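Engineer:
In structure tokens form, the structure reads like this:
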């Protein structure tokens, strides 16, 4: 039962964060805004201004995503707590149930952190897409290889966040890698997450034989 008790302690420790996130999101007002936008979208002339309609649609989706995530987080918290209590009532620890709870708890923890960070991204342009450019520095083929490694890193990061990525310009290295690549990351809060990605990345190779 020790594993279940540890997971319960881990879950309960996040209750204050969940409460703070839920309160800061102002869910009831977001729901009212969703209702207002829904009524606007039902108006016959709503789609006459395509640009404005598109902005309203994006705003609507953003609001719905936030409400859905916060409600799911609160439901997940209750469900996980109930599963843990159920497991403790059985008297003997069920390995399959413990594994299921561990998976659910990890998902809950990661989602809560994502929502918490997203709530901090409230700058004027944070919700916009982002354009990044990577350029290989001095160092020939090795620098081009490193630039490609960085590009793959950003690609995998975007995939994990379910962002789409569009290459705008690319110049391949003479032998391998890339000399430069410009790409756009599309998704809600893409700019907010990436606005601090600037400066120079350095690759330092350390020999395993050096003490």
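In my numbering, the protein residues as written are 78 to 288. Ideal placement from N, C-alpha and C gives every residue a C-beta, glycine not left out. As the structure is a computational prediction, the values presented were derived from the model and not from experiment.
Measuring straight from C-alpha to C-alpha, what distance separates residue 83 and residue 209?
Structural biologist: Approximately 42 Å between the Cα atoms of the pair.
Engineer: Does residue 192 come out as helix, strand or coil in the three-state DSSP assignment?
Structural biologist: Here residue 192 sits in helix by DSSP.
Engineer: For residue 182, I'd like the list of residues in its chain whose CB is within less than 7 Å of its CB, leaving aside the five on either flank, ordered along the chain.
Structural biologist: So the list reads 84, 87, 88 and 157, once near-sequence residues are dropped.
Engineer: Pick out whichever of 95, 202, 206 and 223 has its Cα sitting closest to the Cα of residue 212.
Structural biologist: Comparing Cα positions, the closest option is 223.
Engineer: What is the rounded straight-line gap between the Cα of residue 282 and the Cα of residue 92?
Structural biologist: The alpha-carbon atoms of residue 282 and residue 92 are separated by roughly 43 Å.
Engineer: Which residues bound the beta strand (DSSP E) around residue 258?
Structural biologist: 255 to 263 is the span of the beta strand (DSSP E), which, as asked, contains residue 258.
Engineer: Say the cut is 7 Å; is the CB of residue 258 nearer than that to a heavy atom of the ligand MG?
Structural biologist: Looking for the ligand MG in the displayed structure turns up nothing, as the structure carries no ligands at all.
Engineer: Taking contact to mean at least 3 C-beta pairs separated by less than 8 Å, is the region 225 to 240 in contact with the region 248 to 268?
Structural biologist: As far as the Cβ criterion goes, the region 225 to 240 touches the region 248 to 268, which means the pair count is three or higher.
Engineer: Since I believe residue 102 is in contact with residue 196 (beta carbons under 8 Å), could you give me their beta-carbon distance rounded to a whole number of angstroms?
Structural biologist: About 6 Å; that satisfies the 8 Å criterion.
Engineer: For residue 157, report the span of its alpha helix (DSSP H) as first-last.
Structural biologist: Looking at the DSSP string, the run of the alpha helix (DSSP H) that includes residue 157 is 127 to 166.
Engineer: Using only the alpha-carbon positions, how far apart do residue 123 and residue 145 sit?
Structural biologist: If you take the alpha carbons of residue 123 and residue 145, they lie about 25 Å apart.
Engineer: Can you name the residues that DSSP bridges to residue 211?
Structural biologist: Per DSSP, 258.
Engineer: Going by beta carbon distance, what residues of the same chain come within less than 8 Å of residue 94, once the five residues before and after it are set aside?
Structural biologist: Taken in chain order, the residues that qualify are 189 and 193.
Engineer: Among the residues of its own chain, which have a CB less than 6 Å from the CB of residue 137, if the five just before and after it don't count?
Structural biologist: Contacts found: 114.
Engineer: So is residue 269 buried or exposed if we call it buried at 16+ other beta carbons inside 10 Å?
Structural biologist: Buried, because 16 or more other Cβ atoms sit within 10 Å of the Cβ of residue 269.
Engineer: Name the one or two DSSP bridge partners that residue 114 has.
Structural biologist: DSSP, once it has assigned bridges, lists no residue as partnering residue 114.
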